[in-house]
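Counting along the sequence shown from 1, when you hit position 160 you're at 159 in numbering that gives the first Met the number 0, and nothing is skipped either side. Quick reminder that beta carbons are idealized off the backbone N, C-alpha and C, glycines included. Owing to the predicted nature of the structure, the values given are computational and were not obtained by experimental measurement. Contents: one structure, followed by commentary.
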Amino acid sequence: MTKKLLTILLGGTLILGIATGCTEQKQDESQKNEVQEKSKGHCEAEECIKLIEPKMQVEEVNEIIGFAGEKKEGSNTYIWQLTEKTKIEVEYKDGLGTITAKMDKDKISNDKFKISVCYDIQSSIKSGTTFTYEEMVEKFEGIEGYLETKAPTFKMYMWVKDGQTFRATFSDSLNGKCSMVSLR
């Protein structure tokens, strides 16, 4: 009986040791992933785009982000790769930049966001109704969009849920009203 009890205890200890070792390894891997996803700049993509203005030159953007952007070959576009999944791009034309933020959609996805409201908004816009950003946020029950593009004449926001992206463009020439929407 003592031999049987000793075998059971030894087996239990071995199983516990294996399980604990696996758990620690998974925690170590998830901590590594978190470290890898941290921006190599002074800000995350969502924050950087809010700080950068179309009138800023490359040197000013470099200061805000914290490192020099790489010029895309054959164009007047600069790219700041913040993480594997996020970046800031600025395309210059006539001395002004159009700023675009590529964000990690998994990170900004919102389960409370209602896709059905997107269809209502699309229908309203097709029939001539326009919305300011604030009015659209109100339609989405207070859920803010993420600024994805900032240009000299418009801003584009996006909302994400389960891999679907709703984009709305707000035009300066329409007093900040929404001029285009898409759902993909």
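* **the stretch 108-124 contacting the stretch 134-152, beta-carbon criterion three pairs below 8 Å** => The count of Cβ pairs closer than 8 Å, one atom from the stretch 108-124 and one from the stretch 134-152, reaches three, so the stretches are in contact.
* **Extent of the continuous beta strand (DSSP E) run through E90** => Note, E90: beta strand (DSSP E), 86-92.
* Asked: For I87, which of N61, L95, K106, E72 has the nearest alpha-carbon?
  -> For the residues N61, L95, K106, E72, the minimum Cα distance to I87 belongs to N61.
* **Identity of the residue in S74, W158, N174, V180 nearest E90 by Cα** => For the set S74, W158, N174, V180, the Cα lying nearest the Cα of E90 is the one of S74.
* Asked: Can you tell me whether T128 is buried or exposed, with buried defined as 16 or more other CB within 10 angstroms of its CB?
  -> With fewer than 16 neighbouring CB atoms inside 10 Å of its own CB, T128 falls in the exposed class.
* To do: Mind checking who G65 pairs with in its DSSP beta bridge?
  => Per DSSP, none; premise fails for G65.
* Under the rule that 16 or more other beta-carbon atoms within 10 Å means buried, what is T152, buried or exposed? -> T152 comes out exposed.
* Asked: Thinking just about the alpha-carbon of each residue, which of I120, K138, P53, T85 is nearest to the one in D105?
  -> Of I120, K138, P53, T85, the residue nearest in Cα terms is T85.
* **Coil, strand or helix - K201 by DSSP** => The shown model of the chain, from 0 to 183, leaves out residue 201, and the question about it has no answer.
* Asked: Just the Cα atoms here: how many angstroms apart are G40 and Q56?
  -> Their backbone Cα atoms lie some 17 Å apart in a straight line.
* Asked: Is the beta carbon of Q121 sitting closer than 7 Å to the one on V180?
  -> In this structure, V180 lies closer than 7 Å to Q121 by Cβ.
* Alpha carbon of E72 to alpha carbon of I124, nearest angstrom -> As the crow flies, the alpha-carbon of E72 is around 38 Å from that of I124.
* **Proximity of T131 and G65 at Cβ, strictly below 7 Å** => No, the pair does not count as a contact, with Cβ atoms beyond the cut-off.
* Which listed residue (S170, E58, C117, G96) has its alpha carbon closest to that of E52 -> With distances taken between CA atoms, E52 lies nearest to G96 out of S170, E58, C117, G96.
* **Close Cβ partners of T99 (< 7 Å) along its chain, the five nearest in sequence each way excluded** => Taken in chain order, the residues that qualify are E88, E147, T148.
* Asked: Which two residues bound the contiguous beta strand (DSSP E) that contains E147?
  -> Note, E147: beta strand (DSSP E), 145-149.
* To do: Could you say which of V136, I107, D171, A167 lies nearest to D161 if we only look at CA atoms?
  => Per the Cα distances, I107.
* Would you mind reading off the limits of the alpha helix (DSSP H) that contains L182? => No alpha helix (DSSP H) contains L182, which is instead part of the beta strand (DSSP E) from 176-182.
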